[in-house]
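Written out below as C-alpha cells is the structure these notes cover.
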Ligand SMILES: [Zn+2]
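Structure, rendered in C-alpha cells:
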C-alpha cells in the first residue's frame, strides 16, 4: 500500500527570525509592501511588539512570562523548560489564530516562531557549551513539531551581533547589560548554526553581504515562491492520516501498482 495526495490549497506559513535589532521586522515589512494586495501576506507581530491592544490566551501567557521575567528583554525567569513550554503554547495559539487565513490561501508571516524559542532556551540550558546548545535546539524544534507544524519557510536575518545590539538599544531606548550583550552574541551564532542544519526550510539574509534593497528583494521573492507545492498541514498529535487543518484533505490510500 502506498499513498498519494495533491498539493494543498492553503497559503504558506513563513517565519522571520533573528536577533533583536537585526532588522527582521523592518526588512520583512519592506518586502511585504512589494507584494500586491491580493497576495500580500498577513504579518503576525513578534512578542516584543505586542504591548497594546491584543487580547486572548496567547497574550495572557505572554503577560505571565513578562511578569515572571521582571523586565528581562529575553523573557528569562530562571526556569528554561517551563518557559519553553509556555512559549510553544503561545506559538500554538498563534497558529490557531491564523488557520482561517491559511485556509483562504493567504500567506502568513510570523514575526518569530519556534526557532527563537529553540535558540534562546537551549542557550539557557547550556550556558557554557555551544555544541550541546545546538543539539538541544534541534531537539526543541522536534518537540515543537509535536505541538504544531513548523513553518514551511524560515527567513533568518543575521548581521554582526554588535550592530544588532546598537540598533536594538537605539530603538528600545535602553542599554543592555554586558551579560545581555553576550547572550545576544551567542544567540546570533546559534541562529546561524541552526539554519545551516536545515537548508530546506531556512533562507538566510546576511546584512554584512547585502544592502537593505537587496535584502527586501530577496525576502519578497522567497515569500512569493513559498506557496509552490505545499503539503497539507496536519495536527501532529493525530498522525499522518489526520485530515488537513486547512483543506480537510485526507491522505488518500491507493493500492500498490
Ligand atoms: Zn491541505
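In the working numbering, the protein residues as written are 638 to 894. Idealized CB from N, CA, C, for every residue including glycine. Since this is a predicted model, take the numbers as computed values, not measurements.
- Beta bridge pairing from DSSP links residue 738 with no other residue.
- If you look at residue 804, you'll find it in the alpha helix (DSSP H) that goes 798-809.
- Taking the CA atoms as reference points, residue 822 sits about 17 Å from residue 769.
- When the beta-carbon positions are compared, residue 773 and residue 839 stay at least 8 Å from each other.
- Contact between residue 795 and residue 835 does not hold, since their C-beta atoms are separated by about 15 Å, which reaches or exceeds 8 Å.
- Taking a cut-off of 8 Å on C-beta distances, the stretch 741-752 touches the stretch 774-788, as three or more cross pairs fall below it.
- Residue 668 is classed as buried because its beta carbon has at least 16 other beta carbons within 10 Å across all chains shown.
- Taking the Cα positions, residue 856 is about 27 Å away from residue 759.
- Taking every protein chain shown into account, the CB of residue 649 has 16 or more other CB atoms within 10 angstroms, so this residue is buried.
- Around the Cβ of residue 660, a 10 Å sphere holds 16 or more other Cβ atoms; the residue is buried.
- Within the model, the alpha-carbon separation for residue 730 versus residue 873 is close to 15 Å.
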